[in-house]
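Sequence positions in the sequence shown follow UniProt numbering and run 1 to 177.
Glycine is no exception: its CB is placed at the ideal position from the N, C-alpha and C atoms.
All of these numbers come straight from a predicted model, not from anything done at the bench.
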Amino acid sequence: MSAGPPSQTPGSIEGHENSSPRLCYDSQERLKQIHALSIQGNYELRIDMEDFENNTAYAQYGTFGVGLFSVDPDDDGYPLTVGDYTGNAGDSLLKHNGMKFTTKDRDNDHSENNCASFYHGAWWYRNCHTSNLNGQYLRGQHTSYADGIEWSSWTGWQYSLKYAEMKIRPTREAESK
Ligand SMILES: [Ca+2]
1 MSAGPPSQTP GSIEGHENSS PRLCYDSQER LKQIHALSIQ GNYELRIDME DFENNTAYAQ
61 YGTFGVGLFS VDPDDDGYPL TVGDYTGNAG DSLLKHNGMK FTTKDRDNDH SENNCASFYH
121 GAWWYRNCHT SNLNGQYLRG QHTSYADGIE WSSWTGWQYS LKYAEMKIRP TREAESK
């Protein structure tokens, strides 16, 4: 069973506990900021992760943005654009490409349920996910399914990572323009 109340999620885009009523406000604000940055040029995304045995892995995406093609990104649900994977964690994000951000009170996913409620996170869910970096901090192996901080191509569906950080920066091509 899942271990107690969700605690802090270090380094994720939200950076705060998922059960908090502030999550929606926080995540919308964060998404708004990320959107404002990512429309300024070409951005890449790097995700660094660590498990409880101090193993580390990363996934990098040479293309990244949210709401890049949205007239009203907030109304549109901040759709994710990712592409050009490299790394050693495996790709667990490309299947989320084009998906809108779903929170417990904004259901933008392709499931008949709310993936954010079901998997205790907030993410660009499809139906539902291959990664869940805003999931619960369940401290490694857990018996519940896919509701921790999961990166399925690295640690599967029942291992909640110790650490996950998402960073973006302009790509070199954009800088040289
Ligand atoms: Ca739904």
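Check                                                                                                                                                                                   : Outcome
Within 10 Å of its beta-carbon, does glycine 156 have 16 or more other beta-carbons around it, so buried, or fewer, so exposed?                                                         : exposed
Considering only the beta carbon of each residue, do glutamate 111 and serine 152 sit closer than 8 Å?                                                                                  : Reading off the sequence, residue 111 comes out as serine, not glutamate. No, they are not a contact pair.
What I want to know is whether the C-beta of aspartate 107 ends up closer than 7 Å to one or more non-hydrogen atoms of ligand 1.                                                       : yes
How would you label arginine 172, buried or exposed, when you count the other beta carbons within 10 angstroms and need 16 or more for buried?                                          : exposed
At a cut-off of 7 Å, would you count serine 111 as near ligand 1, judging by its Cβ distance to the nearest heavy atom?                                                                 : yes
Is there at least one non-hydrogen atom of ligand 1 closer than 7 Å to the beta-carbon of asparagine 55?                                                                                : no
Could you check if asparagine 114 belongs to the surroundings of ligand 1, using beta carbon to heavy atom distance under 7 Å?                                                          : yes
Count the CB pairs spanning the segment 135–145 and the segment 30–47 that are closer than 8 Å, and state whether there are at least three.                                             : no
In angstroms, rounded to a whole number, what distance separates the CA positions of tyrosine 145 and glutamine 158?                                                                    : 6 Å
Go to phenylalanine 118, then tell me how far its beta strand (DSSP E) extends in each direction, as first and last residue.                                                            : Looking at the DSSP string, phenylalanine 118 is not in any beta strand (DSSP E); the run it does join, the alpha helix (DSSP H), is 115–118.
Rounded to whole angstroms, what's the CA-CA distance from threonine 130 to tryptophan 124? Just pull it up for me.                                                                     : 10 Å
Any chance you could list the alpha helix (DSSP H) runs of at least 4 consecutive residues sitting entirely within the UniProt domain "Fibrinogen C-terminal" (31–172), in chain order? : 73–76, 115–118 and 152–155
Nearest by alpha-carbon distance to arginine 46: which of Tyr61, Asn55, Ile39 and Ala36 is it?                                                                                          : Tyr61
Which word fits threonine 86, buried or exposed, when buried means at least 16 other C-beta atoms lie within 10 angstroms of its C-beta?                                                : exposed
To the nearest angstrom, report how far apart glutamate 165 and threonine 56 are at their CA atoms.                                                                                     : 11 Å
Give me, in chain order, the residues of the same chain whose beta-carbon lies closer than 8 Å to that of tyrosine 58; leave out the 5 immediate sequence neighbours on both sides.     : Arg46, Ile47, Asp48, Met49, Gly87, Asn88 and Ala89
Would tyrosine 78 pass as a contact of lysine 100 if the rule is Cβ separation under 8 Å?                                                                                               : yes
Going by other Cβ atoms of all chains shown within 10 Å of its Cβ, with 16 needed for buried, is lysine 167 buried or exposed?                                                          : exposed
Look at the alpha carbon of glutamine 40 and the alpha carbon of histidine 96, and state the distance between them as a whole number of angstroms.                                      : 22 Å
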